[in-house]
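Okay, structure first, notes after.
Residue numbers (the numbering used here): -10 to 310.
Written out as structure tokens, the structure is:
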């Protein structure tokens, strides 16, 4: 027994664009309820604060679509920021190259362990989370030393901008476009979907499963490090207390954006909508004024739970269709 094609199409649209619809609804509600919400300054604040999470979430989207998970991104974010601030005393090139090389190497090693040994991504990246944070604490004297950005050109990378938006926002937009093309228009993107959808079947069809996994974890490590670099430039320092729990926020944004935790489905547009949705929720909480930041975590958790349940129901509807 099959369902109607119309119901199947509606289910697919809701799965792929549900976050965007909820985001639009919240923006309308916020604009009506709060005079200071629908302002250029508030919009710029949401975009700037969300840009760092969005950069990491782009890499996480590839990982989750491939059927994996990366718990190390929060540690890589702060590790990249500390290395960038430390390297800035030697100039712009070192401030960029040092953290990207280190974070990319961690991502590469994690990908090799997962792809070549068959170890569970959860375990490998959990070890990465702990190990990278330990490295960060070692080079910062257990967090007692905060390296300051010494290079003005590097600082402008995080603080300068155009039309009220800082450069990280434009870098995020560029990365999102590149990721969309990579995921939807290249053989590598199709391989990512194939591996996440049916890994044994993908292997039988000749898809380079191991190489694809290595690439997605390398990408995730590089983008987490890049987000840390840009954040260090924005703050003019390598703050050591950041990134705790960030991996959970990133995963929540990706899943809220319609990417299935089981792999094989998802997209960058939904991920960006998920990141902005969490940013708008935080902005609305700030507008209320008498709610604490912890309330945002409660709302995000509820959203995530509802989205996971909705994904299961929509997936069942598509199978019936």
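Cβ atoms here follow ideal geometry from the backbone N, Cα and C, with glycine treated the same way.
- Query: Can you tell me whether DSSP reads residue 65 as helix, strand or coil?
  - Reply: Counted from its first residue, the chain shown places residue 65 at position 76. Correct three-state label for residue 65: helix.
- Task: Indicate the three-state DSSP secondary structure (helix, strand or coil) for residue 151 in the structure shown.
- Result: As a working mapping, residue 151 is identified with position 162 in the chain shown. If DSSP states are grouped into helix, strand and coil, residue 151 belongs with the strands.
- Can you give me the start and stop residues for the alpha helix (DSSP H) that residue 131 sits inside? In the chain shown, the residue the question calls residue 131 occupies position 142. No alpha helix (DSSP H) holds residue 131; DSSP gives it neither H nor E.
- Determine the burial state of residue 28: buried for a count of at least 16 other Cβ atoms within 10 Å of its Cβ, exposed for fewer. Within the chain shown, residue 28 is the residue found at index 39, counting from 1. Exposed, because fewer than 16 other Cβ atoms sit within 10 Å of the Cβ of residue 28.
- Could you name the residues that DSSP lists as bridge partners for residue 137? By one-based count along the chain shown, residue 137 stands at place 148. Looking at the DSSP assignment, residue 137 forms a beta bridge with 226.
- Closer than 7 Å by C-beta to residue 71: which residues in its own chain qualify, once you throw out the five before and the five after it? Chain order, please. Translated into positions along the chain shown, residue 71 becomes position 82. 125, 128, 129, 136, 227, 229, listed in sequence order.
- Can the beta-carbon of residue 232 be found closer than 8 Å to that of residue 61? For the purposes of this step, residue 232 is taken as the residue at position 243 of the chain shown. For the purposes of this step, residue 61 is taken as the residue at position 72 of the chain shown. Taking 8 Å as the cut-off, the Cβ atoms of residue 232 and residue 61 do not count as close.
- Query: On the premise that residue 12 lies in contact with residue 265, defined as a C-beta separation below 8 Å, what is that separation, rounded to the nearest angstrom?
  - Reply: Here the question's residue 265 lines up with position 276 in the chain shown. Here the question's residue 12 lines up with position 23 in the chain shown. Right, their Cβ atoms sit about 6 Å apart.
- In angstroms, rounded to a whole number, what distance separates the CA positions of residue 259 and residue 182? Counting from 1 along the chain shown, the entry for residue 259 is found at position 270. Counting from 1 along the chain shown, the entry for residue 182 is found at position 193. Distance between the alpha carbons of residue 259 and residue 182: 15 Å.
- Query: What distance in whole Å lies between the Cβ atoms of residue 114 and residue 47, which are believed to be in contact at a cut-off of 8 Å?
  - Reply: For this step, residue 47 is matched to residue 58 along the chain shown. For this step, residue 114 is matched to residue 125 along the chain shown. Separation of the CB atoms of residue 47 and residue 114 is rounded to 17 Å, and the pair is thereby denied contact status at 8 Å.
- Give me the Cβ distance between residue 42 and residue 218, rounded to the nearest whole Å; I'm assuming they're in contact under 8 Å. Numbered from its first residue, the chain shown carries residue 42 at position 53. Numbered from its first residue, the chain shown carries residue 218 at position 229. Not a contact, Cβ separation roughly 15 Å.
- Query: Does DSSP classify residue 20 as helix, strand or coil?
  - Reply: By 1-based counting over the chain shown, the position of residue 20 is 31. It is helical.
- Task: Taking residue 209 and residue 96 to be in contact with their CB atoms under 8 Å, please state how far apart those CB atoms are, rounded to whole angstroms.
- Result: Stepping through the chain shown from its first residue, residue 209 is reached at position 220. Stepping through the chain shown from its first residue, residue 96 is reached at position 107. The C-beta separation of residue 209 from residue 96 comes to about 6 Å, placing the pair in contact by the 8 Å criterion.
- Message: Pop quiz: residue 74 and residue 263 are said to be a contact at Cβ under 8 Å. What is the actual Cβ separation, rounded to whole angstroms?
- Response: On the chain shown, residue 74 is found 85 positions in, with the first residue counted as 1. On the chain shown, residue 263 is found 274 positions in, with the first residue counted as 1. That pair is no contact at about 29 Å.
- What separation, rounded to the nearest whole angstrom, lies between the Cα atoms of residue 78 and residue 10? Working through the chain shown from its first residue, we reach residue 78 at position 89. Working through the chain shown from its first residue, we reach residue 10 at position 21. Answer to the nearest angstrom: the Cα atoms are 45 Å apart.
- Task: Pair every Cβ in the segment 191 to 204 with every Cβ in the segment 32 to 41, then say whether three or more of these pairs are closer than 8 Å.
- Result: The segment 32 to 41 and the segment 191 to 204 do not touch, with fewer than three beta-carbon pairs separated by less than 8 Å.
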